[in-house]
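K.L.:
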Amino acid sequence: MRRRIFVTGSLLALAAAWGARARAGRRATGAPSGADRLPDGRILVRDAAVAFGTTVSIAAVGDDPGAAAEATAEALDRIRGVDSLMTVYRRDSQVGRLNAEGVLSRPDRHLVRVLEFSKRLSALSDGAFDVTVQPLWRLFVACRAAGRRPSPDEVAAARSLVDWTALEVTPRRVALGRRGMQITLNGVAQGYAADLAMDALRQRGIRDALLDAGELGAEGERQPHRPWTVGIQHPRVHDAVIATVAMDGRFLATSGDYATAFSEDLADHHIFDPRTGRSPPGLSSAAVAAASGMEADGLTKPMMVLELARARALLARFDGAGAIWMDKRGRVVASERMPPGAG
Amino acid sequence: MARAERPGRTAPALLALGLFLLLPPPARAGLLTREELGRRFPAPYLVAERDKEVPVWPIFKQSGPPHHTVDLVGYVFESADLAPVPGFSGTPVDLLVVLNVNGEFLDVAVLSHHEPVFLGGVGEEPLRAFLGQYQGLSLKQNITVGSGTARARHAGATNVYLDGIAKATASLRIINQSVLSAALKVARARLGFSGGRDPDLIAHVRTDLFEPRTFPQLVSAGLVRHLRLRNRDLEKAFAGSEGAGLDPVAIEKPDETFCDLYAGMATVPTVGRNLLADAAWKLMNARTQEGDHVLLVMARGRCRIVSESFQRNTVPDLLSLRQEGLPVEMRDLDLDAPLKPAGQPDFDQAMAFRVIFQAGLDPGRPMQLSARVTRSKGIVYPERFSRDLVLDYQVPERFVVPAAEDQKTWVATWRDRWPEIAVLVAALAFLTVLLARQSRLVAQARSLRWFRPAFLAFTLLFVGWYAQGQLSIVNAVALLQASIAWRSWAFFLYDPMTAILSAYTVATAVAWGRGTFCGWLCPFGALQELAALLARLARLPRLRLSHAADARLKWVKYAVLLAILLAAVVSARWSDPLVEVEPFKTAITMHFRRSWAAVAYAAGTVLVGVVFFKAFCRYLCPLGALLAVLGHLRRWDWLARRVECGQPCQTCRSRCEYQAIDARGGIDYTECFQCMECVAIYNDDAQCAPRLLEKRGKRWVTTGSPPGGEDLVVLGTKR
Numbered sequence: 046m047r048r049r050i051f052v053t054g055s056l057l058a059l060a061a062a063w064g065a066r067a068r069a070g071r072r073a074t075g076a077p078s079g080a081d082r083l084p085d086g087r088i089l090v091r092d093a094a095v096a097f098g099t100t101v102s103i104a105a106v107g108d109d110p111g112a113a114a115e116a117t118a119e120a121l122d123r124i125r126g127v128d129s130l131m132t133v134y135r136r137d138s139q140v141g142r143l144n145a146e147g148v149l150s151r152p153d154r155h156l157v158r159v160l161e162f163s164k165r166l167s168a169l170s171d172g173a174f175d176v177t178v179q180p181l182w183r184l185f186v187a188c189r190a191a192g193r194r195p196s197p198d199e200v201a202a203a204r205s206l207v208d209w210t211a212l213e214v215t216p217r218r219v220a221l222g223r224r225g226m227q228i229t230l231n232g233v234a235q236g237y238a239a240d241l242a243m244d245a246l247r248q249r250g251i252r253d254a255l256l257d258a259g260e261l262g263a264e265g266e267r268q269p270h271r272p273w274t275v276g277i278q279h280p281r282v283h284d285a286v287i288a289t290v291a292m293d294g295r296f297l298a299t300s301g302d303y304a305t306a307f308s309e310d311l312a313d314h315h316i317f318d319p320r321t322g323r324s325p326p327g328l329s330s331a332a333v334a335a336a337s338g339m340e341a342d343g344l345t346k347p348m349m350v351l352e353l354a355r356a357r358a359l360l361a362r363f364d365g366a367g368a369i370w371m372d373k374r375g376r377v378v379a380s381e382r383m384p385p386g387a388g
Numbered sequence: 002m003a004r005a006e007r008p009g010r011t012a013p014a015l016l017a018l019g020l021f022l023l024l025p026p027p028a029r030a031g032l033l034t035r036e037e038l039g040r041r042f043p044a045p046y047l048v049a050e051r052d053k054e055v056p057v058w059p060i061f062k063q064s065g066p067p068h069h070t071v072d073l074v075g076y077v078f079e080s081a082d083l084a085p086v087p088g089f090s091g092t093p094v095d096l097l098v099v100l101n102v103n104g105e106f107l108d109v110a111v112l113s114h115h116e117p118v119f120l121g122g123v124g125e126e127p128l129r130a131f132l133g134q135y136q137g138l139s140l141k142q143n144i145t146v147g148s149g150t151a152r153a154r155h156a157g158a159t160n161v162y163l164d165g166i167a168k169a170t171a172s173l174r175i176i177n178q179s180v181l182s183a184a185l186k187v188a189r190a191r192l193g194f195s196g197g198r199d200p201d202l203i204a205h206v207r208t209d210l211f212e213p214r215t216f217p218q219l220v221s222a223g224l225v226r227h228l229r230l231r232n233r234d235l236e237k238a239f240a241g242s243e244g245a246g247l248d249p250v251a252i253e254k255p256d257e258t259f260c261d262l263y264a265g266m267a268t269v270p271t272v273g274r275n276l277l278a279d280a281a282w283k284l285m286n287a288r289t290q291e292g293d294h295v296l297l298v299m300a301r302g303r304c305r306i307v308s309e310s311f312q313r314n315t316v317p318d319l320l321s322l323r324q325e326g327l328p329v330e331m332r333d334l335d336l337d338a339p340l341k342p343a344g345q346p347d348f349d350q351a352m353a354f355r356v357i358f359q360a361g362l363d364p365g366r367p368m369q370l371s372a373r374v375t376r377s378k379g380i381v382y383p384e385r386f387s388r389d390l391v392l393d394y395q396v397p398e399r400f401v402v403p404a405a406e407d408q409k410t411w412v413a414t415w416r417d418r419w420p421e422i423a424v425l426v427a428a429l430a431f432l433t434v435l436l437a438r439q440s441r442l443v444a445q446a447r448s449l450r451w452f453r454p455a456f457l458a459f460t461l462l463f464v465g466w467y468a469q470g471q472l473s474i475v476n477a478v479a480l481l482q483a484s485i486a487w488r489s490w491a492f493f494l495y496d497p498m499t500a501i502l503s504a505y506t507v508a509t510a511v512a513w514g515r516g517t518f519c520g521w522l523c524p525f526g527a528l529q530e531l532a533a534l535l536a537r538l539a540r541l542p543r544l545r546l547s548h549a550a551d552a553r554l555k556w557v558k559y560a561v562l563l564a565i566l567l568a569a570v571v572s573a574r575w576s577d578p579l580v581e582v583e584p585f586k587t588a589i590t591m592h593f594r595r596s597w598a599a600v601a602y603a604a605g606t607v608l609v610g611v612v613f614f615k616a617f618c619r620y621l622c623p624l625g626a627l628l629a630v631l632g633h634l635r636r637w638d639w640l641a642r643r644v645e646c647g648q649p650c651q652t653c654r655s656r657c658e659y660q661a662i663d664a665r666g667g668i669d670y671t672e673c674f675q676c677m678e679c680v681a682i683y684n685d686d687a688q689c690a691p692r693l694l695e696k697r698g699k700r701w702v703t704t705g706s707p708p709g710g711e712d713l714v715v716l717g718t719k720r
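Taken in sequence, the protein lines are chains A and B.
In this text, residue positions in the first sequence follow my numbering: the first is 46, and each later residue adds one.
In this text, residue positions in the second sequence follow my numbering: the first is 2, and each later residue adds one.
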């Protein structure tokens with residue numbers, strides 16, 4: 046998995062930690078190996094886990110190393126919990142069972158929340174966002190394994206199963222309206238997990254924290270004197286960023302054609318336009334900052350798919366959401382609510 | 002389902018008992034904690050919490066400015082958690098292994114070992130040096146503990162030879178096996194080396210399926226694969242390299258065969274028993290454990306399976322096996338003259354190689370066997386050029402039990418088997434109505450005479466042999482074990498026949514007693530009863546135990562049940578051999594196609610059941626005992642009786658073949674099989690003595706009071 050955002054710039058807290066390397070009573074407290082004492086006496090704890098097929102890491106600053114370590118562990122636990130509930134790669138996850146059997150009774154409340162949000166986003170975006178695109182994903186994966194591109198007929202057949210209105214979501218039951226329909230939450234679950242993780246940190250008194258999941262970042266309360274900035278990966282140039290974003294308490298998510306491509310020319314990749322069954326032809330990358338992780342994560346997909354005017358209109362429906370786009374020719378456009386430092 | 006989970010346990014009880022005593026102890030919990038690993042891998046490394054499914058710890062590396070990133074380096078694990086290969090001391094060597102995300106070893110270190118040679122002998126320092134050699138090697142290479150000559154001849158990018166330690170070779174091989182098997186599992190489970198499938202779900206060889214086959218038939222069935230290479234083909238393989246043209250024979254006779262290479266999985270009975278000499282087959286089974294694979298490789302012509310300098314019992318020097326791009330270690334099983342003396346082509350070489358079960362080879366997926374052909378140039382310091390001949394092998398589908406992943410979800414299973422389910426449900430509904438309205442069924446004694454054998458035939462043929470719906474104590478044990486381990490009962494749903502029959506049986510046992518199942522729905526019970534019926538038609542004698550002996554023997558089945566349940570609570574390894582007391586698997590599930598001892602036991606049970614009517618059901622059957630216990634919940638006596646029953650009339654009691662009617666005329670529902678014989682008598686004017694007399698306006702007179710349990714009632718009439 047290629048990384049799509051970097052924690053860069055004046056990340057003073059972390060830089061200081063790297064310089065000082067003063068380890069705070071780790072042995073006594075049983076904190077994990079990533080605990081360091083900051084110049085102001087507080088403790089920086091780092092922890093990481095593998096979830097959503099990528100590395101999710103958390104840096105948290107607190108007064109007590111043991112409590113901070115517990116908070117990060119709890120946050121990572123919640124992330125892993127969402128992953129094992131919503132992954133499409135395992136048949137025994139709730140999503141795996143729904144896809145196999147077409148119906149799921151007594152769905153987990155987290156799953157219901159994510160599905161309800163997904164349907165709302167589908168409605169607001171006129172179907173430019175759709176969790177039922179999984180048949181397209183399966184088709185393209187199978188064709189890649191066979192070393193070919195899918196035919197227009199095959200795409201049309203898979204596309205006929207894509208229909209968010211046929212997805213029934215109630216707290217008691219989730220059902221797919223048509224045989225062969227399948228969903229994927231790869232476009233929102235990670236953002237939702239980030240929301241839960243940041244909640245867990247806040248509940249345990251951690252105000253100063255940074256979550257990094259490779260394509261999604263989040264920060265706790267803004268520290269005016271110490272802005273944490275995040276760089277958005279350039280879709281074509283390794284180790285270059287198209288913009289740096291000063292995190293202001295919002296969540297930042299990115300999508301790009303380079304991350305999981307089905308063709309060498311990056312024309313076919315993991316973002317599908319549900320209306321055509323193909324990947325959007327114009328853009329190479331989109332990043333969204335929004336009030337929640339689920340909004341930021343979910344919005345990147347319609348940002349990739351919709352034409353600019355409609356994308357801006359959709360953004361306006363979400364408080365404090367901003368986006369930055371880069372097209373395949375390298376031109377960058379930012380919306381007005383992208384944080385300072387963008388573009 | 003529970004039956005399906007234990008494919009090919011063909012050994013009868015005693016043999017199984019003997020075997021499991023020889024098995025290594027179960028894997029013990031690992032030694033390390035996250036804190037300990039944190040100390041071993043300080044910053045910038047970061048050891049994460051242990052994975053919940055695979056016993057590995059992800060290890061990350063934090064990078065400093067300008068980009069602050071945390072990236073996955075690889076996984077840390079203990080070999081004993083994943084591949085506890087017993088060492089010379091009997092205890093597995095436990096190694097700490099660090100594997101990076103590309104499948105390369107970052108580090109291997111000893112955590113604990115009891116290998117005598119390193120404890121006293123040469124000491125631990127050489128062992129540390131040996132393990133240091135793994136650093137930087139890749140799982141994609143063939144890693145072998147090498148002797149000097151093999152190393153000199155075959156070392157290269159794909160073949161790596163580790164320096165051995167004198168006097169410790171055997172222990173080092175075990176250590177190498179542990180490292181590689183554990184790392185392979187991690188690579189498959191967490192590094193995507195298994196193409197996204199669940200690596201624990203591998204197919205198993207069907208050890209219960211044997212078909213006599215000749216060698217050509219085995220080849221055409223794909224059980225033995227053949228690779229024929231002409232001199233021309235080999236020359237072509239070397240073409241363009243310095244190895245071309247070095248073999249004069251190949252150039253002179255391009256169309257002659259250079260080599261015929263054959264390979265077959267000898268652990269598939271149809272391959273092994275048809276090809277291996279009897280002694281070799283026995284030896285192979287003695288030297289392998291359940292789940293191991295043995296690959297039989299045969300060659301004819303100018304190629305070789307192993308070189309002249311090959312030492313028996315080691316990893317072959319010219320052959321290698323791969324699956325999904327990863328090498329799988331094989332080791333010579335050291336079978337002398339493994340093949341049957343006649344019946345197959347004359348081979349120049351034939352050898353059997355063992356792959357331990359810990360390696361996770363999937364017989365149901367393609368594997369590649371490479372044989373190395375080397376040509377040399379020059380005499381004093383010859384230059385060597387090699388090519389690999391690759392033979393693709395895969396056990397045909399029919400001979401393996403597919404990985405559970407390939408099995409469908411239970412909904413789909415039910416959908417697929419709907420005709421069988423419909424027939425079964427209809428039959429159960431029919432049976433329920435009949436039993437509920439018994440008088441209808443028995444209105445004419447004649448209708449019961451044909452109906453009961455007909456239903457039993459249905460139970461035996463359809464429920465038992467065709468739909469494989471024999472309920473067994475194994476089902477109960479599996480449920481018990483699943484409950485203890487807090488696992489879901491969902492596995493039960495994957496076998497609709499068992500699920501439906503179990504639900505019906507539990508419901509009827511509580512409502513009516515065990516008899517509904519035991520007397521009508523148990524295929525093995527039906528088999529015994531039909532056999533007894535035939536014996537009666539042939540006028541063979543039937544014996545009846547005295548009531549006293551019968552009463553005592555009836556308790557044996559409860560003891561059997563208790564033993565099985567206790568064993569099940571302790572471990573599956575204890576209960577597995579005990580449940581072999583049931584001949585169901587042999588007689589019904591496997592259609593009597595099992596080892597001779599199991600078949601003899603099952604056939605013996607049927608024969609005994611002919612002489613002493615259904616003796617197994619009444620005295621030994623643990624499932625019957627369990628249902629009898631459940632039957633104690635029964636709240637009403639639903640089989641009709643009269644006041645005269647028992648006092649004074651003893652007709653039913655003496656006619657009851659199950660000896661389930663006591664001297665006072667009461668029915669012992671824990672022993673009653675609901676055969677309806679007494680109900681038929683009850684309803685029949687010609688058979689029921691009180692009824693007969695009533696009709697003639699007469700009544701009973703007893704000439705002596707019946708002391709409990711004696712058949713001494715005298716029937717008389719009063720004028």
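Think of the CB as a built atom: it goes at the ideal place given N, C-alpha and C, for glycine as much as any other residue.
When you compare only the Cα positions, how much space is there between S380/A and A368/A?
P.N.:
The alpha-carbon atoms of S380/A and A368/A are separated by roughly 5 angstroms.
K.L.:
Quick one: which chain A residues come within Cβ less than 8 angstroms of V71/B?
P.N.:
R91, A93, T100, S102, D257
K.L.:
Let me confirm a value: D137/A is counted as buried when at least 16 other C-beta atoms fall within 10 Å, else exposed. Which label applies?
P.N.:
exposed
K.L.:
Could you check if K53/B is buried or exposed, using at least 16 other CB atoms within 10 Å of its CB as the buried criterion?
P.N.:
exposed
K.L.:
Taking the C-alpha atoms as reference points, what is the distance between G338/A and R123/A?
P.N.:
Computed Cα separation, rounded: 14 angstroms.
K.L.:
Which residues in the same chain as P691/B place their Cβ atom closer than 6 angstroms to its Cβ, once the five residues preceding and following it in sequence are excluded?
P.N.:
Excluding the 5 residues flanking it on each side, P691/B has same chain C-beta neighbours closer than 6 angstroms at R643, E645, C650, in chain order.
K.L.:
When you compare each of K254/B, V295/B, L262/B, W419/B to R274/B by their alpha carbons, which one comes out closest?
P.N.:
V295/B
K.L.:
Please tell me whether Q324/B has its Cβ less than 9 angstroms away from any Cβ of chain A.
P.N.:
no
K.L.:
At a CB-CB cut-off below 8 angstroms, which residues of chain B make contact with E119/A?
P.N.:
Those do not exist, as E119/A stays about 11 angstroms from chain B at its closest Cβ, beyond 8 angstroms.
K.L.:
Please report how far the alpha carbon of V101/A lies from the alpha carbon of R362/A, in whole angstroms.
P.N.:
Distance between the alpha carbons of V101/A and R362/A is about 29 angstroms.
K.L.:
Report the start-end ranges of each alpha helix (DSSP H) in the segment 23–109 of chain B that is 4 residues or longer and not cut off at the edges.
P.N.:
35–41, 80–83
K.L.:
What residues from the segment 295–310 of chain A come within 9 angstroms of chain B, judged by C-beta to C-beta, listed N to C?
P.N.:
Among the residues of the segment 295–310 of chain A, none has a Cβ less than 9 angstroms away from any Cβ of chain B.
K.L.:
Going along chain B in order, which residues have a C-beta closer than 9 angstroms to the C-beta of E340/A?
P.N.:
Those do not exist, as E340/A stays about 25 angstroms from chain B at its closest Cβ, beyond 9 angstroms.
K.L.:
Can you round the beta-carbon distance between L627/B and I474/B to whole angstroms, since I take them to be within the 8 angstroms contact cut?
P.N.:
I474/B and L627/B do touch by the CB rule: their CB atoms are close to 7 angstroms apart, below 8 angstroms.
K.L.:
Taking only beta-carbon positions, decide if R125/A is within less than 9 angstroms of chain B.
P.N.:
Judged by the 9 angstroms Cβ criterion, R125/A is in contact with chain B.
K.L.:
Nearest-angstrom Cα distance between A569/B and A360/B?
P.N.:
If you take the alpha carbons of A569/B and A360/B, they lie about 28 angstroms apart.
K.L.:
Just to make sure I have the definition right: I need the residues of chain A whose C-beta is within less than 9 angstroms of the C-beta of P59/B. Which are they?
P.N.:
Per Cβ cutoff of 9 angstroms: A93, A94, V95, T100.
K.L.:
Looking at the structure shown, is M349/A part of a helix, part of a strand, or coil, going by DSSP?
P.N.:
Three-state DSSP puts M349/A in a helix.
K.L.:
Grab me the residues of S377/B's own chain with a C-beta within less than 6 angstroms of its C-beta, minus the 5 sequence neighbours each way, in chain order.
P.N.:
P383, R385
K.L.:
So, does the CB of R267/A fall closer than 9 angstroms to a CB anywhere in chain B?
P.N.:
Because R267/A sits at a pLDDT of 41, beneath the cut-off of 50, its placement in the model cannot be relied upon, and the point is left open.
K.L.:
What does V269/B reach in chain A if we use C-beta pairs closer than 7 angstroms?
P.N.:
Going along chain A, no residue has its Cβ under 7 angstroms from V269/B, so there is no contact; the nearest lies around 28 angstroms.
K.L.:
Listing by chain order, which chain B residues have their CB less than 9 angstroms from the CB of E213/A?
P.N.:
Within chain B, no residue comes near E213/A; the closest Cβ sits about 17 angstroms away, beyond 9 angstroms.
K.L.:
Along the chain, where does the beta strand (DSSP E) containing D279/B start, and where does it finish?
P.N.:
From DSSP, D279/B is part of no beta strand (DSSP E) but of the alpha helix (DSSP H) over 279–288.
K.L.:
Say whether chain B places a C-beta atom closer than 9 angstroms to the C-beta of E146/A.
P.N.:
yes
K.L.:
Can you find a CB in chain B that lies within less than 9 angstroms of the CB of S150/A?
P.N.:
no
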